[in-house]
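Under mature numbering (1 follows the signal peptide of the UniProt record, and there is no 0), residues -24 to -1, 1 to 391 are what the sequence shown spells out, in order.
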Amino acid sequence: MAAKGGIVYFLYWCLIFFVKNINGKDYYCSKELVEIDESGTGRYDRIISRYEDTRFYGNGLKCKWRIRTRKDQRILLTVIQSVLQWAPKSAVCEGDNYDYMTIKNDEEDSSSLVQWCGQRKPGWIISTGPELYMTFVTNDVNPYEYSGIVLNMQIFESIHCPPGWLSLPATYPVSSVKPSKKVCYGVVKVVEDWKDAQEICNNAQSNLASVLSQDLFAIKDLAVNSNSVGEVWIGLNDIVNQQQFVWLDNSPNTLTLYDSEKYKKDSDCAYLAFHDDITLKVSNCNMQQDRRYILCKMNEGEKTDLYSIPQAPIPKGSGEVTNPKLILGITLGILSFLLVIGVVFICFRRLKKRSRNQHTRQSTNNQARAPPAYRSSSGPSNTDPTNVPVTPSAPPMPDEPPSYEEAIRNKPEYY
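What follows is the structure in structure tokens.
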């Protein structure tokens, strides 16, 4: 009986060890750099941007983590939660003093793989090497409480696809698929517009996917059955040449786009809809009300070239200025010119008013210094008549004497 109890006890602790090993470890924010040396695959460690035993992160934090693994391994971070202080989408997270997370390949790297704040959620972050360096910073003036960021961390062999991605043969030669014989497809469960979706894929060292027609059913199974997703953005677009749809990675297109979709106005970016059938559709590339999940693609075991969003050409003769920096420069120039004109006008008005006041005071002083008027007894002189004061003359005499009635009416009282 005792032996049976000992076996049960042993199995219990083996189960605890197994569950702990599978679930991984939580790495909370700390005042010191948190070092994570991990080479085992299959674990789900977590990185949490608050102190242990707290529900919310505080003000004035600067938390740091360094993750290291073997040289033949890579690190996959999945954003499970990101609840931060509000920030506009256009904010420069670090420069505008918002709470933010920065992830770099290593501490000395001058550029970051990704930095986010506010309501942004980058989905996946995949390292380019065996190391990642992370910093979470909060400001000192936030009066509200937020639960912060939770990341799942997984280690995988660099010669294979990341965990949860689908490996398929690359059966056609393209520049982005270098010597690799396989490619990896992954569904990012973050809804974004098409242009932001490409940035999300870049965070995972991939691009919006180019798809072969023979792979559509396998991709549908990945999206619908594995991720419960009905629509995904892909890399097909006609941003540069209207009605000429091409892939971001310049792969040959084997998909059919119906004319009803091809000639839609202001709809330059394609997505796959997995309903009863698999349908290729197009929509607006950067409309916030038209956002979808994302299908990314990378080379398996090889580096993937990352592509930028193509820019639509400016029509010749349109004269339309679309560069935001140029528009801002012109606007500031006009405002500066109007400001200078206003200052000059105000100065001119003040100078003119001051001159008029001085002239008035001078005239008043001249009148105050003038001698009293008098009548000359010696007749006219040789002096300038304009400088000779003249006494008032006697009132004019009537032309004829008054009548008898007027004389009686106006006679003095002493008569």
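For glycine and all other residues, C-beta sits at the position ideal for the given N, C-alpha and C.
Applying the criterion that 16 or more other CB atoms from any shown protein chain within 10 Å of the CB defines a buried residue, is F(-15) buried or exposed?
Taking the sequence shown and counting its residues from 1, the one referred to as residue -15 is at position 10. Only weak support exists for where F(-15) lies, its pLDDT of 46 falling under 50; the coordinates are left without a value.
Note down the Cα distance separating N115 from G277, rounded to an integer number of angstroms.
Counting from one through the sequence shown, the residue named residue 115 turns up at place 139. Counting from one through the sequence shown, the residue named residue 277 turns up at place 301. Rounded to the nearest angstrom, the two C-alpha atoms are 40 angstroms apart.
Tell me whether the segment 119 to 134 and the segment 41 to 54 touch, counting them as touching only if at least three CB pairs, one residue from each stretch, are closer than 8 angstroms.
yes
Taking the alpha carbon of V55 as the reference point, which residue from Y74, G36 and I24 has its own alpha carbon closest?
Working through the sequence shown from its first residue, we reach residue 55 at position 79. Comparing Cα positions, the closest option is I24.
Can you tell me the Cα-Cα spacing of Q61 and Q95, whole angstroms?
In the sequence shown, the residue the question calls residue 61 occupies position 85. In the sequence shown, the residue the question calls residue 95 occupies position 119. Distance between the alpha carbons of Q61 and Q95: 8 angstroms.
Could you pull out every residue in the same chain whose Cβ sits closer than 8 angstroms to the Cβ of K65, ignoring the five residues on either side in sequence?
Reading the sequence shown from its first residue, position 89 is the one you call residue 65. So the qualifying residues of the chain are G94, Q95 and R96.
Near W141, what residues of its chain come up, given a Cβ to Cβ distance below 7 angstroms and the 5 sequence neighbours on each side ignored?
Residue numbering aside, residue 141 sits at position 165 when the sequence shown is read from its first letter. Excluding sequence neighbours, W141 sits near C160, Y161 and G162.
Among Q57, T104 and M110, whose alpha-carbon lies nearest the alpha-carbon of M77?
For the purposes of this step, residue 77 is identified with residue 101 of the sequence shown, where counting begins at 1. Nearest of Q57, T104 and M110 to M77, Cα basis: M110.
If you follow the alpha helix (DSSP H) that E175 is part of, which residue opens it and which one closes it?
As a position in the sequence shown, residue 175 is number 199, starting the count at 1. Looking at the DSSP string, the run of the alpha helix (DSSP H) that includes E175 is W170 to N179.
Could you tell me which residues DSSP pairs with C272 in its beta bridges?
Taking the sequence shown and counting its residues from 1, the one referred to as residue 272 is at position 296. In DSSP, C272 forms a bridge with G162 and L184.
I24 (DSSP reduced to helix, strand or coil):
As a working note, residue 24 is residue 48 in the sequence shown. In this structure, I24 counts as strand in the three-state DSSP scheme.
Measuring straight from C-alpha to C-alpha, what distance separates D169 and K273?
What you label residue 169 is simply residue 193 of the sequence shown in a count that begins at 1. What you label residue 273 is simply residue 297 of the sequence shown in a count that begins at 1. Each residue's alpha carbon lies about 17 angstroms from the other.
According to DSSP, is E237 helix, strand or coil?
Here residue 237 refers to the residue found at position 261 of the sequence shown. Three-state DSSP puts E237 in a helix.
Closer than 7 angstroms by C-beta to I101: which residues in its own chain qualify, once you throw out the five before and the five after it? Chain order, please.
Against the sequence shown, residue 101 aligns to sequence position 125. Excluding residues within five positions, the ones whose Cβ falls inside 7 angstroms are L53, I79, L89, V90, N179 and A180.
Could you check whether the Cβ of T307 sits closer than 8 angstroms to any Cβ belonging to chain B?
The question asks about chain B, but that chain is absent: this structure has only one protein chain.
Look at the Cβ atom of C245, then the Cβ atom of S227, and state whether they are nearer than 8 angstroms.
For the purposes of this step, residue 245 is taken as residue 269 along the sequence shown, with counting starting at 1. For the purposes of this step, residue 227 is taken as residue 251 along the sequence shown, with counting starting at 1. In terms of Cβ geometry, C245 and S227 do not form a close pair [threshold 8 angstroms].
Can you name, in chain order, every residue of its own chain whose Cβ lies under 8 angstroms from the Cβ of N203, other than the five neighbours on each side?
For the purposes of this step, residue 203 is taken as the residue at position 227 of the sequence shown. Here the set comprises V163, K165 and Y269.
Taking the CB atoms as reference points, tell me whether Q57 and V126 lie closer together than 8 angstroms.
Position 81 of the sequence shown, counting from 1, holds the residue named residue 57. Position 150 of the sequence shown, counting from 1, holds the residue named residue 126. With respect to V126, Q57 sits close: the two C-beta atoms are nearer than 8 angstroms.
Rounded to the nearest angstrom, how far is the Cβ of F250 from that of A173, given a contact under 8 angstroms?
Translated into the one-based positions of the sequence shown, residue 250 becomes position 274. Translated into the one-based positions of the sequence shown, residue 173 becomes position 197. The beta carbons of F250 and A173 sit about 17 angstroms from each other, so the pair does not count as a contact at 8 angstroms.
Along the chain, where does the beta strand (DSSP E) that runs through K40 open and close?
Here residue 40 refers to the residue found at position 64 when the sequence shown is read from its first residue. Element bounds for K40: K38 to R44.
Excluding the 5 residues preceding and the 5 following N81 in the sequence, name in chain order all residues of the same chain whose CB lies nearer than 8 angstroms to its CB.
Start at 1 with the first residue of the sequence shown, and residue 81 comes out as number 105. Cβ within range, chain order: L89, S103, T104, G105, E107, L108 and Y109.
Within this structure, are the beta carbons of D75 and V117 separated by less than 8 angstroms?
The residue labelled residue 75 in the question sits at position 99 within the sequence shown. The residue labelled residue 117 in the question sits at position 141 within the sequence shown. No, these two residues do not count as a Cβ contact at 8 angstroms.
Using a 10 Å radius around the Cβ and a threshold of 16 neighbouring Cβ atoms, would you call C323 buried or exposed?
The residue given as residue 323 occupies position 347 in the sequence shown. Result: exposed.
Indicate the three-state DSSP secondary structure (helix, strand or coil) for K329 in the structure shown.
What you label residue 329 is simply residue 353 of the sequence shown in a count that begins at 1. Three-state DSSP puts K329 in a helix.
Buried or exposed: N35, going by 16 or more other Cβ atoms within 10 Å of its Cβ?
Position 59 of the sequence shown, counted from the start, is the residue given in the question as residue 35. N35 is exposed by the Cβ-count criterion.
Taking only three categories from DSSP, how would you classify K196?
Position 220 of the sequence shown, counting from 1, holds the residue named residue 196. Three-state result, K196: helix.
In whole angstroms, give me the CA-to-CA distance for N275 and K158.
Looking up residue 275 in the sequence shown gives position 299. Looking up residue 158 in the sequence shown gives position 182. Cα-Cα distance, rounded: 6 angstroms.
What does the alpha-carbon distance come out to for the pair C39 and Y3?
Position 63 of the sequence shown, counting from 1, holds the residue named residue 39. Position 27 of the sequence shown, counting from 1, holds the residue named residue 3. So the two alpha carbons sit approximately 11 angstroms from each other.
Let's test the definition: count the other Cβ atoms within 10 Å of the Cβ of F321 and tell me whether it reaches 16, buried, or not, exposed.
What you label residue 321 is simply residue 345 of the sequence shown in a count that begins at 1. Counting the other Cβ atoms within 10 Å of the Cβ of F321 gives fewer than 16, which makes it exposed.
What residues match up with T255 in a beta bridge as DSSP calls it?
Taking the sequence shown and counting its residues from 1, one reaches residue 255 at position 279. For T255, which the question treats as bridged, DSSP gives the partners A249.
Under 8 angstroms by Cβ, that's how I've got S186 and W209 pegged, so tell me the actual separation to the nearest angstrom.
Within the sequence shown, the letter at position 210 stands for residue 186. Within the sequence shown, the letter at position 233 stands for residue 209. Contact flag wrong, Cβ pair sits at about 12 angstroms.
Hey, which unbroken runs of the alpha helix (DSSP H) at 4 residues or more fall wholly within the segment 66 to 94?
none
Mind checking whether the beta-carbon of I79 lies closer than 7 angstroms to any heavy atom of the ligand FMN?
Judged by which ligands are present, the structure shown has none, so any question about the ligand FMN falls away.
Here's the rule I'm using: 16 or more other beta-carbon atoms within 10 Å means buried, otherwise exposed. How should L248 be labelled?
Taking the sequence shown and counting its residues from 1, one reaches residue 248 at position 272. Answer is buried; the Cβ neighbour count reaches 16.
For a test of the three-state rule: what should DSSP assign to N(-4), helix, strand or coil?
Translated into the one-based positions of the sequence shown, residue -4 becomes position 21. For N(-4), the predicted structure reports a pLDDT of 47, less than 50, and the residue's modelled location is therefore unreliable. A value from the coordinates is still provided. Three-state result, N(-4): helix.
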